[in-house]
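So the sequence shown is numbered by my numbering: it starts at 1194 and just counts up by one.
From the three backbone atoms N, C-alpha and C, an ideal C-beta is built for every residue, glycine too.
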Amino acid sequence: MSYFDLQINGYAGTDFCSREMTMEQMRHACEALRADGIGGILATMITDSVEALADRLEKMVRFREEDALIRETVKGFHVEGPFLRAETGYIGAHPEKWVRPANRADAERLLEAGGGLVRLMTLAPEFDEGAATTRFLVERGVTVSAGHCDPDLETLERAIDAGLSMITHVGNGCPVVLPRHDNFIQRVLSLSDRLWLCFIPDGAHVPFFALKNYLKIAGLERTIFTTDAIMAAGLGPGTYELSGEPVEIDEAGVARRPGSPNLAGSTIRGHQVAANLREHLGLSEAEVRQVYHDNPMRALGLV
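Here it is as structure tokens:
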């Protein structure tokens, strides 16, 4: 069974956000992804300067054009940032200095660099005035997701009305301590019938008992699973990189910035996602395929 993952930052020693990444390294990552059961991905670029992001997108477009395996594996790109909330707790592992409000000019530059292959963009709706950038992206065929953000209910509803249709890694990209009732997670759950909800099923980003609760509300028909993998996926404990900055992997495989409690992506692999969904959530093979292949493809308009 082959899966589809819409948020892969790197894999098997290759950092997709590295300025020095070579085509050989990208090909190696694609080989490892396929060996682990992931047949298609969105290569994910995290917050940086707009020009640095554009350079990486253009490089990835060239790699796809020149190599059949990369082309078959990388179905498009997920741009996560720079239109996020810079506040501590919400920004996570993204570099604050490059965060900026959403705007059409920068969005257009990124779409141009992506050669028509930017399929998904994560942004903070509260920094998209009038949901104008969301509306522009949706009109250009891009799926828009809310993440690393804290919009109030009215702002979130306005973004959904403008075409926003997904939430990036629910339960993460937010502070550890939140108001009891009026918080981003509760707002999202109240609108879950209008949204695709994405989760990272590694047991660290969301405990499995909590993940079961989320699934009871969202239902399998609106749920998507992703690894949010970084270059350390498939490797052991040690120090690696994410977009040029160090990430430490502990003995349990949990990724964090040095000296920070914030998670920095995951090291879970494709076959481990499937195993966790079966073992901890009790999903059947057909249900695993639904939430880790069919739903993400459908959410991106690829089927």
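Mark Met1219 as exposed unless 16 or more other C-beta atoms lie within 10 angstroms of its C-beta, in which case mark it buried.
Stepping through the sequence shown from its first residue, residue 1219 is reached at position 26. Classification for Met1219: buried.
Best match in Val1331, Cys1367, Thr1336, Arg1333 for proximity to Pro1344 [C-alpha to C-alpha]:
Along the sequence shown, one-based indexing puts residue 1344 at 151. Residue Cys1367 is the option with its Cα nearest to Pro1344.
Please report how far the alpha carbon of Ser1358 lies from the alpha carbon of Pro1294, in whole angstroms.
Numbered from its first residue, the sequence shown carries residue 1358 at position 165. Numbered from its first residue, the sequence shown carries residue 1294 at position 101. For Ser1358 and Pro1294, the distance between alpha carbons rounds to 19 Å.
Are at least three pairs of beta-carbons, each pair with one atom in the stretch 1261-1280 and one in the stretch 1314-1328, less than 8 Å apart?
yes
Provide the residue span of the alpha helix (DSSP H) that contains Tyr1407, from first to last.
Along the sequence shown, one-based indexing puts residue 1407 at 214. First-last of the alpha helix (DSSP H) with Tyr1407: 1401-1411.
Within the same chain, show all residues whose beta-carbon is closer than 6 Å to that of Gly1340, passing over the 5 residues directly before and after it, in chain order.
For the purposes of this step, residue 1340 is identified with residue 147 of the sequence shown, where counting begins at 1. Thr1315, Thr1361, Gly1366.
Spatial neighbours of Arg1278 within its chain, please: CB distance less than 8 Å, with the 5 preceding and 5 following residues excluded, ordered by chain position.
Stepping through the sequence shown from its first residue, residue 1278 is reached at position 85. Excluding sequence neighbours, Arg1278 sits near Ile1284, Val1292, Ala1317, Glu1319, Phe1320, His1341, Cys1342, Asp1343.
Could you tell me the distance, in whole angstroms, from the CA atom of Ser1195 to the CA atom of Gly1230?
Taking the sequence shown and counting its residues from 1, the one referred to as residue 1195 is at position 2. Taking the sequence shown and counting its residues from 1, the one referred to as residue 1230 is at position 37. Each residue's alpha carbon lies about 5 Å from the other.
Alpha carbon to alpha carbon, how far is Arg1351 from Gln1200?
In the sequence shown, counting from the first residue as 1, residue 1351 sits at position 158. In the sequence shown, counting from the first residue as 1, residue 1200 sits at position 7. Approximately 25 Å between the Cα atoms of the pair.
What's the C-alpha gap between His1473 and Ile1410?
Locating residue 1473 in the sequence shown gives position 280, where the first residue counts as 1. Locating residue 1410 in the sequence shown gives position 217, where the first residue counts as 1. Each residue's Cα considered, the two are about 17 Å apart.
Alpha carbon to alpha carbon, how far is Gly1206 from Ala1228? Give it in angstroms, no decimals.
For the purposes of this step, residue 1228 is taken as the residue at position 35 of the sequence shown. For the purposes of this step, residue 1206 is taken as the residue at position 13 of the sequence shown. The straight-line gap from Cα to Cα measures roughly 15 Å.
Can you give me the C-alpha to C-alpha distance between Gly1412 and Ser1477, rounded to a whole angstrom?
Position 219 of the sequence shown, counted from the start, is the residue given in the question as residue 1412. Position 284 of the sequence shown, counted from the start, is the residue given in the question as residue 1477. Cα to Cα, Gly1412 sits roughly 14 Å from Ser1477.
To which residues of the same chain is Gly1356 closer than 7 Å at the C-beta, ignoring the five residues directly before and after it?
Taking the first residue of the sequence shown as position 1, residue 1356 is located at position 163. Thr1327, Arg1328, Val1331, Val1337, listed in sequence order.
Does the ligand GTP have a heavy atom nearer than 6 Å to the CB of Val1466?
The ligand GTP is not among the ligands present in this structure, which contains no ligands whatsoever.
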